[in-house]
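Heads up: the structure comes next, in structure tokens.
2 protein chains.
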Amino acid sequence: MEKWRATSRHLLRHFSKDLFDRRMSPSFGTFNRQLSSVATTIQRNPLFSSINSDDISHFKEILGEKNVIHDEEKLVTANMDWMRKYRGSSKLMLQPRTTEEVSQILKYCNSRCLAVVPQGGNTGLVGGSVPVFDEVIISTSSMSKIVSFDKVSGILVCEAGCILENLVSFLDNQGFIMPLDLGAKGSCQIGGNVSTNAGGLRLVRYGSLHGNVLGLEVVLANGTVLDMLRTLRKDNTGYDLKHLFIGSEGSLGIVSKVSMLTPPKLSSVNLAFLACKDYSSCQKLLLAAKRKLGEILSAFEFLDTQALDLVLKHLEGARNPLPTSMHNFYILMETTGSNESYDKEKLEAFLLHSMEGGLISDGVLAQDINQASSFWHIREGLPEALMKAGAVYKYDLSLPVEKMYDLVEEMRIRLGPAANVVGYGHLGDSNLHLNISTPQYDDAILAQIEPFVYEWTSKHHGSISAEHGLGLMKADKIFYSKSPETVSIILVGSYLLPKSLCIDIVLLLAFKSISMTKFP
Amino acid sequence: MEKWRATSRHLLRHFSKDLFDRRMSPSFGTFNRQLSSVATTIQRNPLFSSINSDDISHFKEILGEKNVIHDEEKLVTANMDWMRKYRGSSKLMLQPRTTEEVSQILKYCNSRCLAVVPQGGNTGLVGGSVPVFDEVIISTSSMSKIVSFDKVSGILVCEAGCILENLVSFLDNQGFIMPLDLGAKGSCQIGGNVSTNAGGLRLVRYGSLHGNVLGLEVVLANGTVLDMLRTLRKDNTGYDLKHLFIGSEGSLGIVSKVSMLTPPKLSSVNLAFLACKDYSSCQKLLLAAKRKLGEILSAFEFLDTQALDLVLKHLEGARNPLPTSMHNFYILMETTGSNESYDKEKLEAFLLHSMEGGLISDGVLAQDINQASSFWHIREGLPEALMKAGAVYKYDLSLPVEKMYDLVEEMRIRLGPAANVVGYGHLGDSNLHLNISTPQYDDAILAQIEPFVYEWTSKHHGSISAEHGLGLMKADKIFYSKSPETVSIILVGSYLLPKSLCIDIVLLLAFKSISMTKFP
Numbered sequence: 001m002e003k004w005r006a007t008s009r010h011l012l013r014h015f016s017k018d019l020f021d022r023r024m025s026p027s028f029g030t031f032n033r034q035l036s037s038v039a040t041t042i043q044r045n046p047l048f049s050s051i052n053s054d055d056i057s058h059f060k061e062i063l064g065e066k067n068v069i070h071d072e073e074k075l076v077t078a079n080m081d082w083m084r085k086y087r088g089s090s091k092l093m094l095q096p097r098t099t100e101e102v103s104q105i106l107k108y109c110n111s112r113c114l115a116v117v118p119q120g121g122n123t124g125l126v127g128g129s130v131p132v133f134d135e136v137i138i139s140t141s142s143m144s145k146i147v148s149f150d151k152v153s154g155i156l157v158c159e160a161g162c163i164l165e166n167l168v169s170f171l172d173n174q175g176f177i178m179p180l181d182l183g184a185k186g187s188c189q190i191g192g193n194v195s196t197n198a199g200g201l202r203l204v205r206y207g208s209l210h211g212n213v214l215g216l217e218v219v220l221a222n223g224t225v226l227d228m229l230r231t232l233r234k235d236n237t238g239y240d241l242k243h244l245f246i247g248s249e250g251s252l253g254i255v256s257k258v259s260m261l262t263p264p265k266l267s268s269v270n271l272a273f274l275a276c277k278d279y280s281s282c283q284k285l286l287l288a289a290k291r292k293l294g295e296i297l298s299a300f301e302f303l304d305t306q307a308l309d310l311v312l313k314h315l316e317g318a319r320n321p322l323p324t325s326m327h328n329f330y331i332l333m334e335t336t337g338s339n340e341s342y343d344k345e346k347l348e349a350f351l352l353h354s355m356e357g358g359l360i361s362d363g364v365l366a367q368d369i370n371q372a373s374s375f376w377h378i379r380e381g382l383p384e385a386l387m388k389a390g391a392v393y394k395y396d397l398s399l400p401v402e403k404m405y406d407l408v409e410e411m412r413i414r415l416g417p418a419a420n421v422v423g424y425g426h427l428g429d430s431n432l433h434l435n436i437s438t439p440q441y442d443d444a445i446l447a448q449i450e451p452f453v454y455e456w457t458s459k460h461h462g463s464i465s466a467e468h469g470l471g472l473m474k475a476d477k478i479f480y481s482k483s484p485e486t487v488s489i490i491l492v493g494s495y496l497l498p499k500s501l502c503i504d505i506v507l508l509l510a511f512k513s514i515s516m517t518k519f520p
Numbered sequence: 001m002e003k004w005r006a007t008s009r010h011l012l013r014h015f016s017k018d019l020f021d022r023r024m025s026p027s028f029g030t031f032n033r034q035l036s037s038v039a040t041t042i043q044r045n046p047l048f049s050s051i052n053s054d055d056i057s058h059f060k061e062i063l064g065e066k067n068v069i070h071d072e073e074k075l076v077t078a079n080m081d082w083m084r085k086y087r088g089s090s091k092l093m094l095q096p097r098t099t100e101e102v103s104q105i106l107k108y109c110n111s112r113c114l115a116v117v118p119q120g121g122n123t124g125l126v127g128g129s130v131p132v133f134d135e136v137i138i139s140t141s142s143m144s145k146i147v148s149f150d151k152v153s154g155i156l157v158c159e160a161g162c163i164l165e166n167l168v169s170f171l172d173n174q175g176f177i178m179p180l181d182l183g184a185k186g187s188c189q190i191g192g193n194v195s196t197n198a199g200g201l202r203l204v205r206y207g208s209l210h211g212n213v214l215g216l217e218v219v220l221a222n223g224t225v226l227d228m229l230r231t232l233r234k235d236n237t238g239y240d241l242k243h244l245f246i247g248s249e250g251s252l253g254i255v256s257k258v259s260m261l262t263p264p265k266l267s268s269v270n271l272a273f274l275a276c277k278d279y280s281s282c283q284k285l286l287l288a289a290k291r292k293l294g295e296i297l298s299a300f301e302f303l304d305t306q307a308l309d310l311v312l313k314h315l316e317g318a319r320n321p322l323p324t325s326m327h328n329f330y331i332l333m334e335t336t337g338s339n340e341s342y343d344k345e346k347l348e349a350f351l352l353h354s355m356e357g358g359l360i361s362d363g364v365l366a367q368d369i370n371q372a373s374s375f376w377h378i379r380e381g382l383p384e385a386l387m388k389a390g391a392v393y394k395y396d397l398s399l400p401v402e403k404m405y406d407l408v409e410e411m412r413i414r415l416g417p418a419a420n421v422v423g424y425g426h427l428g429d430s431n432l433h434l435n436i437s438t439p440q441y442d443d444a445i446l447a448q449i450e451p452f453v454y455e456w457t458s459k460h461h462g463s464i465s466a467e468h469g470l471g472l473m474k475a476d477k478i479f480y481s482k483s484p485e486t487v488s489i490i491l492v493g494s495y496l497l498p499k500s501l502c503i504d505i506v507l508l509l510a511f512k513s514i515s516m517t518k519f520p
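Take a look at the structure:
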């Protein structure tokens, strides 16, 4: 009790926004593609211990020799994010195979004041899954078992380290699908998906993980295992705490198991690649599709001509499905239903009507799975193409759909020819991926973009992170999207979980308190 | 800060389950249809003040004379629940018209140590919306404005006191529907729906409120207004606190505004009333419907022959859609889609195939809206018919679909001819409404039912409250559905919100700590 109070006082001292702002400088300006570390601007908190040989021996006892990785070469990948923007200097990665092992690790780290960072597939884009200093990396990669699948209810229970694509394949054999799908599916893990409330391509149809996750098992900072692993569609018996862990980016505990409602696989899938002359037509097409295709609409993605250009230039194997003329906007529209002939007729009638009405300028329907894959390759390959094109400033924004593209156009005017401003994303969910591509990182460009992009988003009641999370990149930007009262409660809310002085603080990563948390 | 700590110590003294069990006797045995009050078994907490004339004057200053109801006759309805099972003795009902007024009321009550109970349409079935002693009733009925509706995104923002049916009518004119529908729609309010995480008839299609509520405005115990009223489909900027308030039964704060995603109204709705020879056929039919009708399935309700009998006997205007012979089970299956002729063909083909395969014994498709209404009248009128039939012991359970009806059959054997055991509910969501009808309440019958029904549910990993909530009825039963660790955190979690000694405690109603909360 006393310890807990001491902690709370410690945290409360850092509540003020001003204080935080003084301590935290914008992280974006401090890295470049040569892998300089953001950590240079932030001090390691001396309250945390450093790993010693006794710790390593202890972990080997718990996990066995081969699951305690301290070989520096092997740690390079785990210390760095996919974008190569954030780099830590962890000396130790642990690979527990069971919830009990995760619990033992956390209990020990807690008692030894060792900072930790949970890591799944390490595919995040905001620096949330890599260490910043020498945190112990707790990897969920060795926890990849499917615990159960109920073909009657479609409820899947699996361990946190299951790779999304493996779950997709498993379910495909059972006649079901995952309610989420994203470009990183070959590497990302379900525990990370849940911890970051991943969105992706199917949200327009199946909704967010808050609707699809039925239960979680979570290990808290002090090693307590919280069993909320229900397999029920409905359960109104008190506060539904699992929702706090969905999207909390590992800051409240490590997700060890997930229970998820999976929809039946329907037999008829159609994919169209369409061109629109302007953004207004894209919007109108979306509205019409929601109304006319209603229950079979399963994806509605958009990209602008700059995005398609970039993909065609930099992405291996990308081909323009509409090569005869250039258009300003492109739409990928998918339908999924239970009757091939009805769905196709319905879709074709809709497309014909939209073309006659001028909403669509041109378009093509995928004739087989290869053609469908090549259409998806364009959309899903965009992040890779952007990486290959040079430096990239990435923003993941929720905005009212009618305002969404205004930001892209304003940004183009603002930056002029110095940058290639690219807009694409999940139009069906009002989620814009604004990407600014330049030959190399340049602080002057960054100063033109930020805080403008956040202020613009906030002014239009948007969110500065639609699906990527806050991570290291946007932890200090939370006030652009949340009211001060809400943030205060978020911080007070950190007392929700039993914990002691050290791990507490680490587990608060990703919020305003990041200056004293993510950076031990 | 000091006050907050004092509160936390006060609550911590009451953490132990044993202590709670000693203080709280089963509520069910203490009421009867002659309106005896559950409060007789529980002591009013002397820490709470009583209303005096200064308080009333103060409230009149804030709200105006006519929104301060202290006329005893007018308070009778507000003091009693719809089932006439729970009765309080509140001397005061306040009807704020704005969030600011709710805030002023709570701030004042907090400072004066006056216990409060929020009340919406007062249609709950577990004693969550009525006072137990003399709590101040804060009614949301005068907060019934629609704040905004965006026809592009389908996002509705409205005040908490909007009656669900009024929202349905409003949206109908705009070409949209509410993602939830329940029998109480003519009286229940959206704030109460959100606070109790109401399920209902459309959950099988549109999912729970955790997926459909985009934002909330909530007033905390000390009067702080928490603005989480976002209108975005995606927002991953830190803990999504609104989920804590969804289903917390008013215990963490009063919902004052709601932002909700509403689906487009689709043109084609079909409703079938079907008969099955056994429960196994019902299950198989559900599985087949999910697969074959997939995206157009919008409701899948079941009732047993005892339920239909009861409705035909006691519900005005109820007629048997399949009068020629009796069947063991009946299914109400609805489809909603965007193309009348495709949907009808698909449904008819499905029904024909199911009949040929023996899954369906008989059935009829509603030919017009009147026929559809009369089918729904049977299902929606069941609670009323049960009330008219005599005393009723109601249980709202989530169970694995294949086990669900076993409980009904076991209960029939257990109770013998002394009781009419009736099973119906949302088969598509594995939600059983088990109702036991007797001529009058009888403690011996109750002792046969409880704790057996809760133990059975817990043994089969079900939930003792699928959609009704805990309320007063099941507050002390939480351990049947939640692990001790989770409950501890729920209690610690109550420190999440800024508050002082009195209101804190009231606002913890509906949990294990109810002995010191709901009962001031």
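So the protein lines, in turn, are chains A and B. Residue numbers for the first sequence follow full-length UniProt numbering, so the first one is 1 and each next one is one higher. Residue numbers for the second sequence follow full-length UniProt numbering, so the first one is 1 and each next one is one higher. Just so it is clear, CB atoms sit at the ideal spot from N, CA and C, and this is done for glycine as well.
Straight-line Cα distance separating residue j from residue i
i                      : j                      : result
residue 133 of chain B : residue 256 of chain A : 44 angstroms
residue 304 of chain B : residue 154 of chain A : 25 angstroms
residue 401 of chain A : residue 354 of chain B : 43 angstroms
residue 513 of chain B : residue 67 of chain B  : Unreliable placement is indicated for residue 513 of chain B, whose pLDDT of 27 sits below 50; the coordinate value is still reported in the next sentence. C-alpha separation (whole angstroms): 32 angstroms.
residue 332 of chain B : residue 415 of chain A : 59 angstroms
residue 247 of chain B : residue 232 of chain A : 15 angstroms
residue 363 of chain A : residue 345 of chain A : 16 angstroms
residue 34 of chain A  : residue 193 of chain A : With a pLDDT of 28 at residue 34 of chain A, under the threshold of 50, the modelled position of that residue is not reliable, and the figure given next carries that caveat. So the two alpha carbons sit approximately 28 angstroms from each other.
residue 64 of chain A  : residue 55 of chain A  : 13 angstroms
residue 130 of chain A : residue 487 of chain A : 24 angstroms
residue 456 of chain B : residue 449 of chain B : 10 angstroms
residue 69 of chain B  : residue 95 of chain B  : 8 angstroms
Pair within 9 angstroms by beta-carbon distance, residue i and residue j
i                      : j                      : result
residue 217 of chain A : residue 185 of chain A : no
residue 458 of chain B : residue 358 of chain B : no
residue 189 of chain B : residue 144 of chain B : yes
residue 298 of chain A : residue 249 of chain A : no
residue 220 of chain B : residue 228 of chain B : no
residue 558 of chain B : residue 405 of chain B : Here chain B has residues from 1 to 520 only, and residue 558 of chain B is not among them.
residue 524 of chain A : residue 423 of chain A : Within the shown structure, residues of chain A are numbered from 1 to 520, placing residue 524 of chain A beyond reach of any answer.
residue 266 of chain B : residue 211 of chain B : no
residue 51 of chain B  : residue 136 of chain B : yes
residue 460 of chain B : residue 399 of chain B : yes
Among the options, nearest to residue i - alpha-carbon criterion
i                      : options                    : result
residue 317 of chain A : A/371, A/405, A/92         : A/371
residue 464 of chain B : A/401, A/337, A/238, A/270 : A/238
residue 367 of chain A : A/411, A/408, A/273, A/83  : A/273
residue 161 of chain B : B/51, B/138, B/111, B/171  : B/138
residue 387 of chain A : A/337, A/83, A/264         : A/83
residue 183 of chain B : B/177, B/199, B/270        : B/199
Name, going along the chain, the residues of the segment 38-68 of chain A whose beta-carbon falls closer than 7 angstroms to a beta-carbon of chain B.
-> none
Return the residues of the segment 157-191 of chain B that lie within a Cβ-Cβ distance of less than 7 angstroms from chain A, sorted by chain order.
-> none
Contact residues within the segment 286-313 of chain B, judged by C-beta distance below 7 angstroms to chain A = 287, 290, 291, 292, 293, 294, 295, 296
Identify each residue in the segment 447-462 of chain A for which the Cβ-Cβ distance to at least one residue of chain B is less than 8 angstroms, and report them in chain order.
-> Of all residues in the segment 447-462 of chain A, 461, 462 have a Cβ within less than 8 angstroms of some Cβ in chain B.
Using a Cβ cut-off of 8 angstroms, which residues of the segment 103-129 of chain A contact any Cβ in chain B, in chain order?
-> Here the close residues number zero.
Residues of the segment 383-404 of chain B whose Cβ lies closer than 9 angstroms to any Cβ of chain A, in chain order = 396, 398, 399, 400, 401, 402
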